[in-house]
Structure formats: C-alpha cells, structure tokens
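Chemist: Its first residue numbered 1, the sequence shown is counted upward by one per residue in the UniProt record's numbering. From the three backbone atoms N, C-alpha and C, an ideal C-beta is built for every residue, glycine too. Treat the numbers as computed from the prediction; the structure is a model and nothing was measured.
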Amino acid sequence: MRRRGTDGSTERRKAGPRATRKDGSERWVETVFFGLAEVVTFGFPTLLALLDAPFNAELKFAALVAVTTLSLAIGTARWSESFDWPPLSYGTALVRIVYHSLAIALAAVGGAAIDVLAGSTLGSLAVAALLSIGAIRLFPRLIAALDRLPPWWQWGQ
C-alpha cells in the first residue's frame with residue numbers, strides 16, 4: 001500500500017528541532033538588534049523631542065552616536081555572561097523609558113556642546129559614546145537599588 005502525504009525528507013525536517021540555539025556572532029547580532037529595539041522604543045520621547053531641536057546637525061549627529069552606542073552596549077551586555085542585564089518587566093518599563101530617554105538626551109546634548117564649543121566632530125563622537133557607555137554601566141545598579149526599596153515603595157508587582 002502506498003503512503004499518502006509528504007515524502008521522507010520533509011518528514012525528517014519536520015521532526016527536527018524548531019529553533020536552534022544561536023551561538024557566537026549570530027547571537028551577538030540578535031542581542032544588538034533587540035538592544036536597538038529597546039533603545040528606540042523606550043527612548044522615543046527624546047527622539048521625538050529632538051526633531052525640533054536647535055543646533056540641528058550637531059545635536060542629531062550626537063543623538064545618532066548615542067543610539068548606536070547604547071544599542072551596541074546593551075547587545076554586548078546581554079551577549080556576555082559576565083555582565084548581568086536586568087530583564088524587562090512591568091516594574092522596570094517606566095524606569096527604562098525615563099532612563100533611556102535621559103541617556104539619549106544627555107549624550108546628545110553633551111556631544112553637541114563639544115561640537116559647538118570646540119568645533120570638533122570627533123570630540124562630539126567620543127563624548128556621546130562615553131556618556132552612552134557610562135549610562136549602560138549604571139543601569140543595572142539603578143535597577144538593583146530599586147529592587148532594594150521597601151515593599152510599600154515597589155510598583156508593578
């Protein structure tokens with residue numbers, strides 16, 4: 001009797017694992033992508049405010065450097081097992097909105113200030129990148145400090 005349905009190779013493919021674990025650079029690229037999604041989603045209020053900002057080119061260049069650096073830093077932090085990046089939760093969503101928005105704003109303003117005052121685009125890039133990396137280094141500590149607050153102060157639980 002003939003078998004109906006699909007051929008053997010299709011059946012073997014269907015029986016295999018649905019998702020393989022990503023390793024190495026493939027996993028890093030994925031974490032950087034999700035880092036970009038986090039920065040753009042939670043930093044959207046600042047990005048929207050920067051649409052109508054003075055010192056147009058300087059500020060937007062520094063903001064672009066900040067978003068890129070924040071995305072790369074978050075992706076690398078998630079990728080490495082040595083750096084503990086806090087998971088997303090309802091309680092940390094508001095903190096992330098404020099924190100990422102402030103990180104983008106401060107890095108953009110700091111980088112633009114260097115460009116306007118010193119006339120150095122390279123200095124603007126360095127300041128915006130360093131402020132962004134510093135913000136990523138401080139974020140897990142902020143979340144850990146918020147977790148130590150008294151129970152009556154903790155929200156989103």
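1. For residue 86, which residues of its own chain have a beta-carbon under 7 Å away from its beta-carbon, when the five flanking residues on both sides are left out?
2. Taking C-alpha atoms, which residue in 55, 96, 147, 48 lies nearest to residue 70?
3. Please report the straight-line C-alpha distance between residue 101 and residue 22, rounded to a whole angstrom.
4. For the alpha helix (DSSP H) containing residue 80, name the first residue and the last one.
5. Skipping 5 residues on each side, what residues in its chain have a beta carbon closer than 6 Å to that of residue 45?
6. Would you give the residue range spanned by the alpha helix (DSSP H) that residue 123 belongs to?
7. Identify whether residue 152 lies in helix, strand or coil by the three-state DSSP scheme.
8. How is the alpha helix (DSSP H) around residue 41 delimited, first residue to last?
Modeler: Let's see:
1. 92, 140, 143
2. 96
3. 30 Å
4. Unbroken run through residue 80: none, as it is neither H nor E.
5. 101
6. 121-147
7. coil
8. 24-42
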